[in-house]
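Peer 1: Taken in order, the sequence shown gives residues 0 to 357; the numbers are from numbering that gives the first Met the number 0.
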Amino acid sequence: MKRIGMLTSGGDCQALNATMRGVVKSLYHALDEVEIYGFEDGYKGLIYSKFRMLTEADFSGILTKGGTILGTSRQPFKLMRVPGADGVDKVEAMKHTYHKLKLDCLVVLGGNGTQKTANLLREEGLNVVSLPKTIDNDIYGTEMTFGFQSAVDIATSAIDCIHTTAASHGRVFIVEVMGHKVGWLTLHAGIAGGADVILIPEIPYDINKVVKAIEKRSKSGKRFTILAVAEGAISKEDAALSKKEYKEKVRNRMHPTVSYEIAAQIQEKTGQEVRVTVPGHTQRGGDPCPYDRVLATRLGAAAAQMILDKEYGYMASVVNGEISKTKLSDVAGTLKMVDPESSIIKETKLLGISFGDE
Ligand code: F6P
């Protein structure tokens, strides 16, 4: 008999349900008796003891469904030790719920902040197994996160659609891609969608180099240019600022996002018409793509195996292309960023695609 707590935390993504199904199906297959306690809306459910008991049937038919049947919310890691207005000590409350329900293990699905809290709970003595969720693909200790490939598909479709209208009008188009502080999603969707310029946070851009790339295309007779710009893209000048100065600058920016600022600069410097498209949260919505369904199923099974083997304190991961496990203590607190010297960047540059840096 195993008593398992489960929660999904942080921004949602495709394949959360598929991953939970992978865990639960594997546990039911291996054990005669399993009790699953599904906490509602992420860590909030664990803090305030809001849960429902789930059976195998609850996880049936959800392989292909986006979102999360448990609901989710953001519980900033920084505030985990800070009592809220209700005076609740969140860490103690989570431990209390865990022990009250006599759980054998807590299964946590989430991104970077979620992994940090999972590691904190591990340090506090709870048995924790985690799974890497995010469209950003920025979790350290795994080559791939579930949700990423589905988001690449959506962002790529957005760029594909822009291609036809950009070509008809002869305009410059910016497609702003999610990804928080990293450029994985923009890089992959940019390449897959045939963008001419790709701007990512890891490679600060020089607006004059961006303009040069656009003008080079115009001179060679190309009627349009498409830029895939990460929501976290940053200019060389801004990258030289301190964190505090940069935050202040962003707060006072007259444009809603970096893409609109770049658009205004391009329009002013080239005289060309520029339009901005922001697919936004559509990139996190809809159903998981087949790649993510497979990855989610495999990671879910790996997490179940850890529970069966009582190997706690790990995140199910992908290492060297194989399903593996990474210590939560190694995962927590480190971002996986795009290496500007990596071969994918070099190959992309060989095609003449500009990153706005040279
Ligand atoms: O981490 C996933 C993500 O979609 C990021 O790409 C994006 O920056 C952020 O979440 C948006 O968060 P929210 O849904 O809270 O606005």
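C-beta atoms are modelled at their ideal positions from N, C-alpha and C, and glycine is treated no differently.
From which residue to which residue does the alpha helix (DSSP H) around L186 run?
Peer 2: Position 187 of the sequence shown, counting from 1, holds the residue named residue 186. Taken as a continuous stretch (DSSP letters only), the alpha helix (DSSP H) holding L186 covers 183-191.
Peer 1: Going by other Cβ atoms of all chains shown within 10 Å of its Cβ, with 16 needed for buried, is H179 buried or exposed?
Peer 2: Along the sequence shown, one-based indexing puts residue 179 at 180. Flag for H179 reads buried.
Peer 1: According to the Cβ coordinates, are N126 and G312 closer than 9 Å?
Peer 2: Along the sequence shown, one-based indexing puts residue 126 at 127. Along the sequence shown, one-based indexing puts residue 312 at 313. Yes, the Cβ-Cβ distance between N126 and G312 is below 9 Å.
Peer 1: Got a sec: does the ligand F6P put a non-hydrogen atom nearer than 8 Å to the Cβ of G10?
Peer 2: By 1-based counting over the sequence shown, the position of residue 10 is 11. For the ligand F6P, at least one heavy atom lies less than 8 Å from the Cβ of G10.
Peer 1: Cutting at 7 Å between CB atoms, please list the residues of its own chain near R80, excluding the five before and the five after it.
Peer 2: Residue 80 sits at position 81 when you count from the first residue of the sequence shown. Cβ neighbours of R80 beyond the five flanking positions: V90.
Peer 1: Say yes only if the C-beta of M253 is nearer than 8 Å to one or more non-hydrogen atoms of the ligand F6P, and no if none qualify.
Peer 2: Taking the first residue of the sequence shown as 1, we reach residue 253 at position 254. False, no ligand heavy atom lies under 8 Å from that Cβ.
Peer 1: State yes or no: is the beta carbon of R170 nearer than 9 Å to at least one beta carbon in chain C?
Peer 2: Here chain C cannot be found, since the structure has a single protein chain.
Peer 1: The ligand F6P and D135: does any heavy atom of the ligand fall closer than 8 Å to the residue's C-beta?
Peer 2: Start at 1 with the first residue of the sequence shown, and residue 135 comes out as number 136. Under cutoff, so the answer is yes.
Peer 1: In its own chain, which residues sit with a C-beta less than 8 Å from the C-beta of T54, not counting the 5 before and 5 after it?
Peer 2: Mapped onto the sequence shown, residue 54 falls at position 55. Answer for T54: I35, listed in chain order.
Peer 1: With distances taken Cα to Cα, identify the nearest neighbour of L348 among A212, Y259, V273, I46.
Peer 2: Looking up residue 348 in the sequence shown gives position 349. The residue asked about is misnamed: residue 348 is Lys in this sequence, not Leu. When only C-alpha atoms are compared, the closest one is A212.
Peer 1: Extract the residue ranges of the beta strand (DSSP E) inside the region 70-142, only unbroken runs of 3 or more that lie entirely within it.
Peer 2: 104-109, 127-131, all fully within the region 70-142.
Peer 1: Given the structure, does Q282 come close to the ligand F6P, in the sense that its CB is under 8 Å from one of the ligand's heavy atoms?
Peer 2: Reading the sequence shown from its first residue, position 283 is the one you call residue 282. Yes; taking the cut-off as 8 Å, the Cβ of Q282 has a heavy atom of the ligand F6P nearer than that.
Peer 1: Just list the beta strand (DSSP E) runs in the region 182-242, keeping only unbroken ones of 3 residues or longer that don't cross its boundaries, in chain order.
Peer 2: The region 182-242 contains these whole beta strand (DSSP E) runs: 196-198, 224-229.
Peer 1: Nearest by alpha-carbon distance to G355: which of G112, A232, I153 is it?
Peer 2: Residue mapping note: residue 355 aligns to position 356 of the sequence shown, counting from 1. Out of G112, A232, I153, A232 has the C-alpha closest to the C-alpha of G355.
Peer 1: According to DSSP, is V275 part of a helix, a strand, or is it coil?
Peer 2: What you label residue 275 is simply residue 276 of the sequence shown in a count that begins at 1. Reduced to three states, the DSSP call for V275 is strand.
Peer 1: Name the one or two DSSP bridge partners that E346 has.
Peer 2: Residue 346 sits at position 347 when you count from the first residue of the sequence shown. BP columns for E346 are empty, so no partner.
Peer 1: Evaluate the contact criterion for the region 120-136 versus the region 145-165: three or more CB pairs, one atom per stretch, below 8 Å.
Peer 2: Touching, yes, given that three or more Cβ pairs across the two stretches are closer than 8 Å.
Peer 1: Name the DSSP bridge partner or partners of K1?
Peer 2: Reading the sequence shown from its first residue, position 2 is the one you call residue 1. V33, per the DSSP bridge assignment.
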